[in-house]
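One structure is given below, encoded as structure tokens.
Numbering (this note's numbering), first residue to last: 7 to 209.
In structure tokens:
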């Protein structure tokens, strides 16, 4: 199931997932922040209030990007339960520079259209295990025109690792995405026609 930007995807138990562009996501910043703060306060992340504040300073800048896209899951009464967002990487992105081992020039090549960077995907604990993360992922990528998706994931987050791999992601390296961060796995999902995309669509 995919839903393009601005379209609502309905699911069980009254949870809907909306695809949003940057301005719409900016207006819903409080909902995104609520999900983020609860989801990433847990191990292995243990993010503090200061971490959340810093993340949403970045969020405000990110939503102004032309290629920014988001998905927001809410219950029938409007309670936010999950979110995902990202944007297409520019030719000068430093993402590949954070890897601990270099990759091929072809792997790291960016042209401003090729790669969608999935910045965050999270579901509040009470609503996990109900397919909300998969629906967020599908709704978000339903609005994306890119060859592939790139993300960093904490190696100790077993549930996230399992979900991404079941959706067709493969590990291409390891990175320290910011100063003081733990080592993260770098995963790529091929969006071109083929087994990887078929795998994503069936989950």
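Every residue, glycine too, gets a C-beta built ideally from N, C-alpha and C.
Determine, using beta carbons only, whether residue i and residue j come nearer to each other than 7 angstroms.
{"i": "residue 90", "j": "residue 122", "result": "no"}
{"i": "residue 124", "j": "residue 157", "result": "yes"}
{"i": "residue 24", "j": "residue 78", "result": "yes"}
{"i": "residue 64", "j": "residue 93", "result": "no"}
{"i": "residue 2", "j": "residue 117", "result": "The first residue shown for the chain is 7 and the last is 209, placing residue 2 beyond what the model contains."}
{"i": "residue 154", "j": "residue 127", "result": "no"}
{"i": "residue 147", "j": "residue 76", "result": "no"}
{"i": "residue 87", "j": "residue 133", "result": "yes"}
{"i": "residue 62", "j": "residue 30", "result": "no"}
Please classify residue i: does DSSP put it in a helix, a strand, or coil?
{"i": "residue 53", "result": "coil"}
{"i": "residue 206", "result": "Residue confidence for residue 206 is low, a pLDDT of 31 falling below 50, so the modelled location carries little weight and cannot support an answer."}
{"i": "residue 58", "result": "helix"}
{"i": "residue 158", "result": "strand"}
{"i": "residue 109", "result": "coil"}
{"i": "residue 23", "result": "strand"}
{"i": "residue 117", "result": "coil"}
{"i": "residue 40", "result": "helix"}
Who does residue i pair with in a DSSP beta bridge?
{"i": "residue 190", "result": "181"}
{"i": "residue 93", "result": "123"}
{"i": "residue 128", "result": "89"}
{"i": "residue 71", "result": "In the DSSP output, where bridge partners are listed per residue, residue 71 has none listed."}
Locate the alpha helix (DSSP H) running through residue i, then write down its first and last residues.
{"i": "residue 46", "result": "Where residue 46 is concerned, there is no enclosing alpha helix (DSSP H), given that its DSSP letter is neither H nor E."}
{"i": "residue 279", "result": "What is shown of the chain runs 7 to 209, which leaves residue 279 out entirely."}
{"i": "residue 28", "result": "28–33"}
{"i": "residue 175", "result": "Neither: residue 175 is in no alpha helix (DSSP H) and is coded neither H nor E."}
What residue range is occupied by the uninterrupted beta strand (DSSP E) comprising residue i?
{"i": "residue 82", "result": "Careful: residue 82 lies outside any beta strand (DSSP E) and carries neither H nor E."}
- Would you check if the segment 158–174 and the segment 183–200 touch, i.e. whether three or more CB-CB distances between them fall below 8 angstroms? yes
- Message: Would you call the segment 176–184 in contact with the segment 105–118, where contact means no fewer than 3 C-beta pairs closer than 8 angstroms?
- Response: yes
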